[in-house]
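Using UniProt numbering, the letters of the sequence shown correspond one by one to residues 1 to 858. Let me begin by presenting the structure, written as structure tokens, before commenting on it.
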Amino acid sequence: MADEQTVTRESDEAREERYDFAAIQDKWAPVWEAITPFATDDPADKRPRKYVLDMFPYPSGDLHMGHAEAFGFGDIVARYWRQQGFNVLHPIGWDSFGLPAENAAIKRGIDPRGWTYDNIAQQKASFKIYAPSFDWSRELHTSDPEYYKWNQWLFLKLYEKGIAYRKDGSVNWCPNDQTVLANEQVIDGHCERCGFLVTKKKLTQWYFRVTDYADRLLDDLNQLEGTWPTRVLTMQRNWIGRSVGADVRFTIEGRTEPIPVYTTRPDTLYGVTFMVVAPDSDLAQELAAEASVEVQAEFNAYLEKVRGATEIERLSTEREKTGVFLGRYAKNPLTGERIPIWSADYVLAEYGHGAIMAVPAHDQRDLDFARTFGLPVKVVVDVNAPVTGAIPVITGDDVPDELPPVLPDPAQTGEALAGVGRLINSGPFDGLSKNTAITKVTEALAQSGIGGAAKNYRLRDWLISRQRYWGTPIPIIHCAECGEVPVPEDQLPVVLPDAAGLDLRPKGSSPLGAAEDWVNVDCPKCGGPAKRDSDTMDTFVDSSWYFLRFLSANDDARAFDPAEAGKWAPVDQYVGGVEHAILHLLYARFITKVLFDQGYVDFTEPFMSLLNQGQVLMDGSAMSKSKGNLVEFASQLREYGADALRVTMAFAGPPEDDIDWADVSVTGSSKFLARAWRVARDVTSSPDAIWKDGDLALRKQTHRFLADAPGLVESFKFNVVVARLIELVNATRKAIDSGPGPADPAVREAAEVVAMSLNLFAPYTAEDMWQLLGYEPTVANVQWRKADQTLLVEDTVTAIVQVNGKVRDRFDVPAKIGADELEQLARASAAVARAVGEQKIVNVIVRAPKLVNIATKP
């Protein structure tokens, strides 16, 4: 923050009444608490609505500098829309279930409830000081039974439709936290919570069928173009990872059912020389089980080795290729050729159907594998052939001057031929270009009943069960007679048992399984002995729909009122970190589409606009105690006050950029606020002063700010708005000290606009200024004043004259000056004449009233 730009009068510092941020905070906090200016529960309020939402915090301790930034930005937007005449819903809650609380409780030997709710109380107290414009009447905590009851209701609704299901499978397993992880929670092969290396494990788990919505999740991103950051849209598209190709059915010797193989290159089927099956797939184990004893032993040893590798390691192109021949053969569906079936770790069970057709001449990983094990390589694409136009036919003695280059042999060079070209060695498809060949081959597969067009996705179903205590219990009862039985809705919530007496330490199975009085129940269907499901839900289920619970936060009869959703949702402005670009946002979009399909909401996207804030750094790196560069939010709040912190965050740069706390000046922000406050204190005119009188230059600057600020706020240029406010405060101070004086109506008008605008960034200071100017609270609900258009008309502008691209002169001219007159003035300029000298003017470009460009040559 820049320091004050003009000297403060000595009398200002000498006065007894000074700007005291602590006293101002203490003065206004209880007033706001009493009048609840941000409540949104008045049914008679007919203003149009806006829903502004910040990604709710996790209560791991007190608020930190990242919270100060994110919630400061969200509050700017919420306060702005109120001043634009909207009834703004801006709620707050806590994402209070999850592993960090449970691990902290284990470490301290306490109940996670106590740790969690103590932290919530601490964060709430800090929020109250920081003063975001929350509607506190809608506060929620996801660990309250009143909230997670509706998590369980949501689960049952998905279960009724077959979207929630249970199956055996190979899952991501964190050995440290002793729980499964969804694919999205594995970052570069490591647990996104604790950083431990993730392994694979066979378990029976609960899933949501996100893949059923893959196309809609991808295609509906088009609705968000221009309102979500481009990089977030790209990350979502890449994660869903839709590809278009074909399913090809390969018959296996000795097996009735063919193996479906997905490929994006069905045009290369004639180049298939072997097949590879993922070792951790059910298919590989089935094929190995029917092979010789020697093959079975070799495969089992290989499988144990593979289970210790991460997906990142398995997919690495640098890694030496390993594998096991399964002693089985398949038949190429187009050529009838007999091809061997191998198992290798560079194929993943989750990709396609867990098996690939290997075309080593045109795929580098297949080629590396083929060269390692001496498998055949067959070239079927001439990458030297032109892909457009007719193929030249050479006959008789008509030999071209230049023969096409000979194709290199990948088996010898070790380099796969990955380029495009035309098919060769492909029977009836010879000569076709890639796209045409894909179409023709796919049609041939479909006509023969051995394949057809298909789509594949990187996205996998959402694995939602966790083997930990501190989460929502899954509302299913397991009965030996009836199987899976949903808990009746009138028996919800299934409340977590008390943690006392339970060993919460991670051990591979849920601690809830040991709560015998809780887990052993009668079957709701047959009345026989049964057991509750002892897993809990992934906490991303909690946050996938919380924006809807805020609409009916105190409704005990339903998760949310669809009528309220119709009034408020979807969220108009969502604010939060880009670290949630995949997990949270994808899941919230999925649940929204499920609820739309079931008729609970009338929209398909939950968040219409998204603002991602950058990180708050210190000396170029993330803050942490271990690095010794931690800046504590609480200490900054005590030293400088909420307003100075908020202004500093807003002024530091564009919201999406990182802020280095070493490069900003909270002291400068404090000085600016004190200067603004003194402006309001010094105004001597009454509130009924006639604004049309007074300092014309100051009035024009005030109204230019009124006209420009809304567009700047709506494009998230908060730093520019603060800069313009600094200029306006300085101009007003100058008018008080050395201009018309504090009684000038233009000074009052400017001071009121500063107070109204500072509400966005510094609510305490703004409220106190508003009172000093003679008004009742609260300035937060004062409507944004309209700019007087007659004051925006420029009488004069500064014209620039360039000679051969270099600025040689500038002068003020009438705003409506004509091109001819402006050119004459430019030619008459002594500075321009010196620059032109003896050279010849060859061209003059005039852009009245601001530019004349003169081109010369010797």
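Even for Gly, the Cβ is constructed at its ideal location relative to N, Cα and C.
> How is the beta strand (DSSP E) around residue 812 delimited, first residue to last?
Replying inline: Position 812 of the sequence shown, counting from 1, holds the residue named residue 812. Where residue 812 is concerned, the enclosing beta strand (DSSP E) stretches over 806-814.
> What residue does the alpha helix (DSSP H) around residue 859 start on, and which one ends it?
Replying inline: Shown here, the chain extends from 1 to 858; a query on residue 859 therefore has no answer.
> What's the C-alpha gap between residue 578 and residue 40?
Replying inline: What you label residue 578 is simply residue 578 of the sequence shown in a count that begins at 1. What you label residue 40 is simply residue 40 of the sequence shown in a count that begins at 1. Their backbone Cα atoms lie some 29 Å apart in a straight line.
>> By alpha-carbon positions, which one of 325, 375, 840 ends up nearest to residue 271?
In response: As a position in the sequence shown, residue 271 is number 271, starting the count at 1. Here the closest residue by C-alpha is 375.
> Around the Cβ of residue 794, are there at least 16 other Cβ atoms within 10 angstroms (buried) or fewer (exposed)?
Replying inline: Residue 794 sits at position 794 when you count from the first residue of the sequence shown. The residue in question, residue 794, is exposed, as its Cβ has fewer than 16 Cβ neighbours within 10 Å.
>> According to DSSP, is residue 190 part of a helix, a strand, or is it coil?
In response: As a working mapping, residue 190 is identified with position 190 in the sequence shown. Of the three classes helix, strand and coil, the one that applies to residue 190 here is strand, per DSSP.
> Which stretch, first to last residue, makes up the alpha helix (DSSP H) that contains residue 779?
Replying inline: On the sequence shown, residue 779 is found 779 positions in, with the first residue counted as 1. Unbroken run through residue 779: none, as it is neither H nor E.
> Is there contact here, the segment 429-438 with the segment 468-483, by at least three beta-carbon pairs under 8 Å?
Replying inline: When C-beta atoms of the segment 429-438 are compared with those of the segment 468-483, fewer than three pairs fall below 8 Å, so the two segments do not count as touching.
> Whole-angstrom Cβ separation of residue 641 and residue 25, contact assumed at under 8 Å?
Replying inline: Here residue 641 refers to the residue found at position 641 of the sequence shown. Here residue 25 refers to the residue found at position 25 of the sequence shown. That pair is a contact at about 6 Å.
> Candidates 786, 849, 777, 774: which alpha carbon is nearest residue 811's?
Replying inline: Taking the first residue of the sequence shown as position 1, residue 811 is located at position 811. In terms of CA proximity to residue 811, 849 leads the group 786, 849, 777, 774.
> In terms of residues, what are the limits of the alpha helix (DSSP H) holding residue 165?
Replying inline: Here the question's residue 165 lines up with position 165 in the sequence shown. Membership of residue 165 in any alpha helix (DSSP H) is not indicated; the residue belongs instead to the beta strand (DSSP E) covering 164-174.
> Under three-state DSSP, which class holds residue 343?
Replying inline: What you label residue 343 is simply residue 343 of the sequence shown in a count that begins at 1. Three-state result, residue 343: strand.
> Which partner residues of residue 845 appear in the DSSP bridge assignment?
Replying inline: Locating residue 845 in the sequence shown gives position 845, counting from the first residue. Under DSSP, the beta-bridge partners assigned to residue 845 are 853.
> Do residue 267 and residue 441 have their CB atoms nearer than 7 Å?
Replying inline: Translated into positions along the sequence shown, residue 267 becomes position 267. Translated into positions along the sequence shown, residue 441 becomes position 441. Contact flag set, yes.
> Cα separation between residue 496 and residue 488?
Replying inline: Translated into the one-based positions of the sequence shown, residue 496 becomes position 496. Translated into the one-based positions of the sequence shown, residue 488 becomes position 488. The alpha-carbon atoms of residue 496 and residue 488 are separated by roughly 17 Å.
> Given a threshold of 16 other Cβ atoms within 10 Å of its Cβ, counted over all protein chains shown, does residue 42 qualify as buried or as exposed?
Replying inline: As a working mapping, residue 42 is identified with position 42 in the sequence shown. With a threshold of 16 other beta carbon atoms within 10 Å, residue 42 falls short and is exposed.
> Distance, Cα to Cα, residue 457 vs residue 352?
Replying inline: As a working mapping, residue 457 is identified with position 457 in the sequence shown. As a working mapping, residue 352 is identified with position 352 in the sequence shown. Approximately 8 Å, taken between the alpha carbons.
> Enumerated in chain order, which unbroken segments of the beta strand (DSSP E) with a length of 3 residues or greater are wholly contained in the segment 286-354?
Replying inline: Restricted to the segment 286-354, the beta strand (DSSP E) segments that are unbroken, complete and at least 3 residues in length are 323-331, 338-344, listed in chain order.
> Does the segment 448-463 come within contact of the segment 502-520, defined as at least 3 CB pairs closer than 8 Å?
Replying inline: Below 8 Å, too few C-beta pairs join the segment 448-463 and the segment 502-520 to call them touching: fewer than three.
> From residue 363 to residue 416, what distance separates their C-alpha atoms?
Replying inline: Taking the sequence shown and counting its residues from 1, the one referred to as residue 363 is at position 363. Taking the sequence shown and counting its residues from 1, the one referred to as residue 416 is at position 416. Computed Cα separation, rounded: 6 Å.
>> Buried or exposed, going by whether 16 or more other CB atoms sit within 10 Å of the CB of residue 807?
In response: In the sequence shown, residue 807 corresponds to position 807, counting from 1. Result: exposed.
>> Once DSSP output is grouped into helix, strand and coil, what is the label at residue 713?
In response: Within the sequence shown, numbered from 1, the residue matching residue 713 stands at position 713. The answer is helix: DSSP assigns residue 713 an H, G or I state.
> If you draw a straight line from the alpha carbon of residue 279 to that of residue 646, how long is it in whole angstroms?
Replying inline: Here the question's residue 279 lines up with position 279 in the sequence shown. Here the question's residue 646 lines up with position 646 in the sequence shown. Rounded to whole angstroms, residue 279 to residue 646 spans 55 Å at the Cα level.
>> Judging by CA-CA distance, which residue of 173, 180, 652, 410 is the nearest neighbour of residue 536?
In response: Locating residue 536 in the sequence shown gives position 536, where the first residue counts as 1. Ranking 173, 180, 652, 410 by CA distance to the CA of residue 536 puts 180 first.
>> Between 333, 372, 341, 360, which has its C-alpha nearest residue 447's C-alpha?
In response: By one-based count along the sequence shown, residue 447 stands at place 447. Residue 447 has its Cα closest to that of 333, out of 333, 372, 341, 360.
>> Please return the same chain residues whose Cβ sits closer than 6 Å to the Cβ of residue 264, not counting the five positions on each side in sequence.
In response: Against the sequence shown, residue 264 aligns to sequence position 264. Within the same chain, residue 264 has close Cβ partners 243, 245.
> Does the beta-carbon distance from residue 683 to residue 661 come in below 7 Å?
Replying inline: For this step, residue 683 is matched to residue 683 along the sequence shown. For this step, residue 661 is matched to residue 661 along the sequence shown. Between residue 683 and residue 661, the C-beta gap is not smaller than 7 Å, which leaves the two residues out of contact.
> Can you name the start and end residues of the alpha helix (DSSP H) that residue 65 belongs to?
Replying inline: As a working mapping, residue 65 is identified with position 65 in the sequence shown. Boundaries of the alpha helix (DSSP H) around residue 65: 65-83.
>> Check whether the segment 688-699 and the segment 741-751 touch, using three or more Cβ-Cβ pairs below 8 Å as the test.
In response: Verdict: yes, contact present.
>> Restricting to Cα atoms, I'd like to know which of 357, 286, 319 is closest to residue 326.
In response: For the purposes of this step, residue 326 is taken as residue 326 along the sequence shown, with counting starting at 1. Checking every option, the nearest Cα to that of residue 326 belongs to 286.
>> Let's see if you can read the secondary structure: which residues bound the beta strand (DSSP E) around residue 817?
In response: Taking the sequence shown and counting its residues from 1, one reaches residue 817 at position 817. The continuous stretches of beta strand (DSSP E) do not include residue 817, and DSSP gives it neither H nor E.
> Hey, out of 90, 617, 599, whose CA is closest to residue 76's CA?
Replying inline: Working through the sequence shown from its first residue, we reach residue 76 at position 76. Its Cα nearest to that of residue 76, the residue 90 stands out among 90, 617, 599.
>> Please state the DSSP three-state secondary structure of residue 393.
In response: Against the sequence shown, residue 393 aligns to sequence position 393. At residue 393, the pLDDT of 49 sits below 50, so the modelled position is not reliable; the number obtained from the coordinates is stated separately. Reduced to three states, the DSSP call for residue 393 is coil.
>> Helix, strand or coil for residue 858? Go by DSSP, reduced to three states.
In response: What you label residue 858 is simply residue 858 of the sequence shown in a count that begins at 1. Residue state, collapsed to three classes: coil.
> What residue does the beta strand (DSSP E) around residue 202 start on, and which one ends it?
Replying inline: Counted from its first residue, the sequence shown places residue 202 at position 202. Where residue 202 is concerned, the enclosing beta strand (DSSP E) stretches over 199-208.
> When burial is assigned at 16 or more other CB atoms within 10 Å of the CB, is residue 406 buried or exposed?
Replying inline: Here residue 406 corresponds to residue number 406 of the sequence shown, with the count starting at 1. That one is exposed.
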